[in-house]
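Okay, so here's the structure we're looking at.
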Amino acid sequence: MSNPRHFLTMDELTYDEQRHVLALAKKVKRDPAAYRSALTGKTLGMIFQKKSTRTRVSFEVGMYQLGGHALFLSGNDIQIGRGETIADTSRVLSRYVDLLMARVYGHDDVEELARYSSVPVINGLSDLHHPCQVLADLQTIEERFGRLEGLHLAYVGDGNNMAHSLLLGCARAGMSVSVATARGYECNPEIVTRAKAHAAAYGQVVRTVYSPAEAVEGADAVYTDVWASMGQEEEQEKRVKAFQGFEVNAALMARANENAIFLHCLPAHRGEEVSAEVCDGPQSAIFDEAENRLHAQKALMLFVMGAA
Ligand code: CP
Ligand code: NVA
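Set out below in structure tokens:
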């Protein structure tokens, strides 16, 4: 059997592959009926060790719309919760299903799942990466601006999984990325280095700073995410203090380009990382972004299954 095509980070798609998946996502969105039986008889197994609204529903609905079937496997209910190894779980599940998606804590867990799987594994979020979200983000940005190359995305907040996947995905798309984090909450330096190399190949830049105002200067898209991610709930209070001055509000948006859009992977905490005025204001594209999870992931599933 040939090696399955996994999707664990935004680094795994070349520029051409990223273009292919985004073009497919556009077609799938425009004409969903054309793909109604593209994955007939196929089953997606979805392992969730963390909560989810968008990822769970968009993958399940997406698979149904492609003619296939999806299984929700809560980490608490399958034997992983009682100590069965990821390696064994992977080898067993890949005898039953055609595709796996997993939302995990440690990124090592999704890597381990992929290492032992004979079917493609998609990362539905790990502590280090959230690549499916970035496919939808890129689709949304392209819809609004008609292109990606040469645009500038500013990320303001925690140097977390979202920041990492945006760095890799946007830089690969030929965009510039500025990231402003609080001190002590910086991005993974290896990921920043890789993103810098991608951006440089397109004459673009990746900058990491501590000032939200500096990051959003000249930005076409301003992105933020929660300050305490899943698994960090007990740090909430400490993080709220550390991120004072990092709220994306009207004053900060005014420093970005006039036609800049606001993006957030959701769920959002209005009054913390984003003001209600911006989150629900005219520059916000958050619900298109959430919708595009469905289209982008349908395209991704078709791609990794070799069906389009
Ligand atoms: N953005 C995102 O992945 O949302 P969920 O946690 O609801 O899946
Ligand atoms: N950084 C957030 C993203 C949620 C979609 C988390 O990991 O909780």
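The numbering of the sequence shown is my numbering, which starts it at 99 and goes up by one.
Quick reminder that beta carbons are idealized off the backbone N, C-alpha and C, glycines included.
Task: Neighbourhood of residue 328 by C-beta, 6 Å cutoff - its chain only, sequence neighbours within 5 removed - done: Result list for residue 328: 148, in chain order.
- [ ] Taking all protein chains shown into account, decide if residue 432 is buried (16 or more other Cβ within 10 angstroms of its Cβ) or exposed.
- [x] Any property of residue 432 remains undetermined from this structure, which presents the chain solely from 99 to 406.
Task: Residue of 103, 195, 107, 351 minimising C-alpha distance to residue 259 - done: Nearest option by C-alpha distance: 107.
Task: Beta-carbon gap between residue 307 and residue 322 smaller than 7 Å - done: Going by C-beta atoms, residue 307 is not nearer than 7 Å to residue 322.
TODO: Round the Cβ separation of residue 383 and residue 350 to the nearest angstrom and send it over; I've been treating them as touching at under 8 Å.
DONE: No, residue 383 and residue 350 are not in contact; Cβ-Cβ is about 16 Å, not under 8 Å.
Open item on the list: Could you check whether the stretch 165-185 touches the stretch 129-145, counting it as contact only if at least three pairs of C-beta atoms, one from each stretch, sit closer than 8 Å?
Closed with: When C-beta atoms of the stretch 165-185 are compared with those of the stretch 129-145, three or more pairs fall below 8 Å, so the two segments count as touching.
Task: residue 205 beta carbon less than 7 Å from that of residue 224 - done: Yes, Cβ-Cβ distance for residue 224 and residue 205 is below 7 Å.
TODO: List the endpoints of the continuous alpha helix (DSSP H) containing residue 238.
DONE: It spans 229-243 - the alpha helix (DSSP H) in which residue 238 sits, taken as one unbroken run.
Task: C-beta atoms of residue 304 and residue 264 nearer than 7 Å - done: For residue 304 and residue 264, no; Cβs fall outside 7 Å.
- [ ] With residue 146 as the anchor, note down where its beta strand (DSSP E) starts and where it stops.
- [x] From DSSP, the beta strand (DSSP E) with residue 146 extends over 141-146.
Task: Bridge partners - residue 221, DSSP secondary structure assignment - done: Under DSSP, residue 221 takes part in a beta bridge, and its partners are 200.
- [ ] Could you please give me the residues that DSSP links to residue 305 through a beta bridge?
- [x] Looking at the DSSP assignment, residue 305 forms a beta bridge with 276.
Task: Meets three-Cβ-pair contact criterion under 8 Å: the stretch 359-366 and the stretch 175-183 - done: These segments do not touch.
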